[in-house]
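*Asks:* Using the numbering used here, read the sequence shown as starting at 3 and increasing by one per residue.
In this text, a Cβ means the ideal position worked out from N, Cα and C, and glycines have one as well.
Mind having a look at this structure? Questions to follow.
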Amino acid sequence: MKNRLSRRSFLKGTMATACTLAAAGIPASASGGDGKEQLATLLDIRKCIGCEACVEACREVNETKFPDPKKPFPKMYPNRVPVMDWSEKQDVTDRLTPYNWLFIQSVTLKINGKESELTIPRRCMHCVNPPCVKLCPWGSARLLENGISRIDPELCLGGSKCKA
Numbered sequence: 003m004k005n006r007l008s009r010r011s012f013l014k015g016t017m018a019t020a021c022t023l024a025a026a027g028i029p030a031s032a033s034g035g036d037g038k039e040q041l042a043t044l045l046d047i048r049k050c051i052g053c054e055a056c057v058e059a060c061r062e063v064n065e066t067k068f069p070d071p072k073k074p075f076p077k078m079y080p081n082r083v084p085v086m087d088w089s090e091k092q093d094v095t096d097r098l099t100p101y102n103w104l105f106i107q108s109v110t111l112k113i114n115g116k117e118s119e120l121t122i123p124r125r126c127m128h129c130v131n132p133p134c135v136k137l138c139p140w141g142s143a144r145l146l147e148n149g150i151s152r153i154d155p156e157l158c159l160g161g162s163k164c165k166a
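Printed below as a string of structure tokens:
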């Protein structure tokens with residue numbers, strides 16, 4: 003099943019991302035420094051062909067950082083938060099999960115009456131005010147001084163509030 007994204011939604015998302023990046027004050031150079039300057043990653047989606055090689059590479063490189071949940075899970079806080087156990091679904095690659103930090107979204111746009119296919123790499127956006135850090139029931143998600151959202155693999159139990 004393909005997710006259809008309207009041109010209006012795509013343009014709104016693109017503009018929101020551009021405004022967020024402009025407001026974040028992207029440094030001229032992301033190399034060197036004291037680690038306190040805000041970092042950013044820019045992707046040229048025109049070059050993405052949807053091969054998912056980046057998804058596999060990301061999984062291979064980060065496999066040691068994936069959570070290893072101990073069951074039964076401790077009580078979630080607040081109590082109304084349901085446990086989302088992804089440990090049995092580690093092979094899912096069509097969305098963000100505690101075991102899949104990058105996926106490819108395919109969208110069809112209609113521009114001047116002509117349909118065009120786009121493949122977009124989707125991953126953590128390292129937001130300026132990341133909701134995942136506030137939502138983590140285990141306290142394993144942290145916001146570093148340089149703007150990177152980091153998950154402590156020693157504390158993460160795979161509840162998936164960060165990747166939902």
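Around the C-beta of Arg-6, are 16 or more other C-beta atoms found within 10 angstroms, so that it is buried, or is it exposed?
*Replies:* Counting Cβ neighbours within 10 Å, Arg-6 comes out exposed, since fewer than 16 surround it.
*Asks:* Using a Cβ distance threshold of 8 angstroms, determine whether the stretch 64-76 contacts the stretch 122-136, with at least three qualifying pairs required.
*Replies:* No contact exists between the stretch 64-76 and the stretch 122-136.
*Asks:* Nearest-angstrom Cα distance between Thr-110 and Lys-116?
*Replies:* The alpha-carbon atoms of Thr-110 and Lys-116 are separated by roughly 10 angstroms.
*Asks:* Would a C-beta distance cut-off of 7 angstroms place Ser-108 and Pro-132 closer than the cut-off?
*Replies:* No, Cβ-Cβ distance for Ser-108 and Pro-132 is not below 7 angstroms.
*Asks:* Under a Cβ-count criterion, where at least 16 other Cβ atoms within 10 Å of its own Cβ denotes burial, should Thr-99 be classed as buried or exposed?
*Replies:* Under this definition Thr-99 is a buried residue.
*Asks:* Which of the three DSSP states is assigned to Pro-69 in this structure?
*Replies:* Coil.
*Asks:* Between which residues of its own chain and Gln-92 is the CB-CB distance below 7 angstroms, once the five residues before and five after are set aside?
*Replies:* Cβ neighbours of Gln-92 beyond the five flanking positions: Tyr-101.
*Asks:* Using the rule of at least 16 other Cβ atoms within 10 Å of the residue's Cβ for burial, across every protein chain shown, is Cys-138 buried or exposed?
*Replies:* Buried is the call here.
*Asks:* Under a Cβ-count criterion, where at least 16 other Cβ atoms within 10 Å of its own Cβ denotes burial, should Cys-134 be classed as buried or exposed?
*Replies:* With 16 or more Cβ atoms within 10 Å of its Cβ, Cys-134 is classed as buried.
*Asks:* Quick one: is Ser-11 buried, meaning 16 or more other Cβ sit within 10 Å of its Cβ, or exposed?
*Replies:* It counts as exposed.
*Asks:* At 4 residues or longer, and completely inside the stretch 82-165: list those alpha helix (DSSP H) runs for me, N to C.
*Replies:* List check, alpha helix (DSSP H) in window: 133-137.
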